Structure formats: C-alpha cells, structure tokens
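S.K.:
In this note's numbering, the protein residues as written are 22 to 296.
1. Is residue 156 closer than 8 Å to residue 142 when the C-beta atoms are compared?
2. Alpha carbon to alpha carbon, how far is residue 241 from residue 270? Give it in angstroms, no decimals.
3. How about residue 229 and residue 277: are their beta carbons less than 8 Å apart?
4. Please state if the CB of residue 64 and the CB of residue 56 are separated by a distance shorter than 8 Å.
5. At which residues does the beta strand (DSSP E) containing residue 128 begin and terminate?
6. Of all the options 71, 40, 291 and 263, which has the alpha carbon lying nearest to the alpha carbon of residue 95?
7. On a Cα-Cα basis, can you pick out the residue from 93, 179, 175 and 260 that is closest to residue 130?
8. Can you tell me whether residue 178 is buried or exposed? The criterion is at least 16 other CB atoms within 10 Å of its CB, across all chains shown.
9. Just list the alpha helix (DSSP H) runs in the segment 66-102, keeping only unbroken ones of 4 residues or longer that don't cross its boundaries, in chain order.
10. Let me know the beta strand (DSSP E) ranges lying completely inside the segment 147-185, each 3 residues or longer, listed in chain order.
11. On the CB-based measure, 16 or more other CB atoms within 10 Å of its CB, does residue 197 come out buried or exposed?
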C-alpha cells in the first residue's frame with residue numbers, strides 16, 4: 022500500500038453520505054454493508070461497492086443517543102454464508118438475507134430478557150461459530166454483582182436460543198473466537214475482566230480479572246500465539262500480556278507483564294512481529 026498520498030493521492034471513484042454511527046463496514050465482494058442512524062430510524066444498509074448506490078435498506082424505528090458517545094448504532098455487521106447479522110445500539114439483533122435485505126429472524130436482546138442497555142449502547146458485533154451466532158447481553162435490572170448474563174447464543178438460521186452463559190457485567194468489546202492450547206474458545210472482555218467460554222455450550226473455561234474505575238473494557242484482546250494474549254483498557258489501567266496454559270481440564274492464566282501504557286480506552290491494538 023502506498024503511503025505517499027499527499028504526492029500520489031488515490032483517485033476518488035465515488036462518495037455517498039451516510040448517517041451517524043460508530044461501527045465499521047462489512048465488505049463482501051462488491052457489497053458494502055453497514056449500520057446508520059437516519060433521524061429517528063436506525064437502518065441496516067447495503068451499498069454497491071463499485072458505484073456507491075444503495076441496493077437495499079432495512080429500517081428500525083429506534084434511536085440510541087448518549088451525551089458523550091453521540092447518536093447511532095455502534096456495532097459492525099457480520100456476514101456468513103449469504104446471511105448478514107447485526108446488533109443495533111438499542112440491542113436489536115437481526116438476521117437478513119444479504120442479497121436482498123429480507124429479514125429472516127430477529128430478537129430484542131434487552132426487551133426479551135428484561136435487561137437494560139449499557140451506558141454507551143450495545144456495541145459488540147455478532148460472532149459466528151459453526152451453526153451459532155453469539156452476542157453480548159445487556160444489564161440486568163437487579164444490580165446484584167453476580168446476577169448478570171455475559172453472552173447468549175442462537176441458532177444462526179432459525180434464531181432459536183441455544184445457550185446463555187456468564188454471570189459478570191457485560192461491556193463494549195465484541196465476542197471473539199480464538200484457539201488457545203489447541204482448544205477453540207470464545208473470548209469475552211467484559212466489565213470485570215477477560216473470560217473464556219466453550220463455543221458449543223457456553224461453559225466458562227477460565228477467567229482473568231481486569232477492571233478499572235469505570236468498569237469499561239472496550240478494546241479487543243489480541244491473541245499473540247497459542248498461549249499468549251494481550252489486553253488493555255483505559256481509565257488509568259494500561260495493558261498486560263497474559264500466559265495461558267492448560268493441564269488436563271484445568272487452565273492457568275497468569276500475568277507475564279503489565280504496563281501503564283498503552284492505554285486502550287476503546288481503540289484496539291494491532292499485533293506486529295509478535296506484539
């Protein structure tokens with residue numbers, strides 16, 4: 022990729038105004054999928070990557086707005102085998118036919134479970150593992166510390182609930198698939214730390230406490246290798262490298278080092294040359 026854009030700037034092919042939002046784009050071939058806020062309507066939209074033309078749009082009459090974070094959806098759409106999965110700022114989970122925008126199924130993650138929204142909105146993007154779509158959950162109305170539900174899994178084709186797991190307060194990082202010590206697992210960086218779950222049934226495999234004064238973990242964990250993970254957060258905490266070891270059915274998670282920097286308040290790090 023050229024870096025001398027001031028001298029040799031790329032040719033602008035097209036541009037298209039988009040509504041407010043904090044997620045990114047999911048690009049599949051010539052299709053560009055994203056989520057936007059258009060007034061009082063939150064939309065999932067598909068653009069033609071060659072022309073910028075809008076190909077289809079789906080509207081939800083919902084709007085999330087917060088003073089510091091602003092308005093709009095936070096998560097990025099997830100594509101899998103011809104279907105698109107989205108989570109809106111108010112916690113509405115959708116499955117669409119990616120080619121047409123036809124809704125296949127939907128769940129209101131907050132209303133159905135009698136949960137409330139996170140302070141800065143539902144931000145985790147959907148994760149696909151085999152026949153499941155896995156997403157973060159909201160906050161319980163009861164504020165008891167161990168009465169939360171961290172993640173929930175649905176059959177990705179039917180929308181039927183498969184399992185729910187975790188008892189710690191959710192946060193803003195997306196569920197993430199990893200393989201550590203030869204074992205596939207879902208990493209969830211929730212408000213109380215980094216927790217690993219078995220993707221088939223949601224069983225908690227291990228937990229490493231990592232929190233801050235705001236109770237916010239938003240950056241994605243970085244898997245360095247089969248036995249190492251890098252995590253970081255803001256609010257004065259910094260970052261750490263963790264060692265992950267498995268002996269029989271037992272997991273040992275320990276700090277290799279910690280540092281006051283970098284502080285990953287919401288931007289994720291990038292791995293290069295081992296770290």
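Just so it is clear, CB atoms sit at the ideal spot from N, CA and C, and this is done for glycine as well. What you are looking at is a predicted structure, and each value in this text was computed from that prediction instead of being measured.
M.R.: With the given structure in hand:
1. Residue mapping note: residue 142 aligns to position 121 of the chain shown, counting from 1. Residue mapping note: residue 156 aligns to position 135 of the chain shown, counting from 1. No, the pair does not count as a contact, with Cβ atoms beyond the cut-off.
2. On the chain shown, position 249 is the one that residue 270 refers to. On the chain shown, position 220 is the one that residue 241 refers to. One C-alpha to the other measures close to 26 Å.
3. Along the chain shown, one-based indexing puts residue 229 at 208. Along the chain shown, one-based indexing puts residue 277 at 256. No, the pair does not count as a contact, with Cβ atoms beyond the cut-off.
4. Indexing the chain shown from 1 puts residue 56 at position 35. Indexing the chain shown from 1 puts residue 64 at position 43. Contact: yes.
5. Stepping through the chain shown from its first residue, residue 128 is reached at position 107. Here the beta strand (DSSP E) through residue 128 covers 124-129.
6. Locating residue 95 in the chain shown gives position 74, where the first residue counts as 1. Closest by alpha carbon: 40.
7. What you label residue 130 is simply residue 109 of the chain shown in a count that begins at 1. When only C-alpha atoms are compared, the closest one is 175.
8. On the chain shown, position 157 is the one that residue 178 refers to. Exposed: under 16 other Cβ atoms inside 10 Å.
9. none
10. 148-150, 153-157 and 172-176
11. The residue given as residue 197 occupies position 176 in the chain shown. By the neighbour-count rule (16 or more Cβ atoms within 10 Å), residue 197 is buried.
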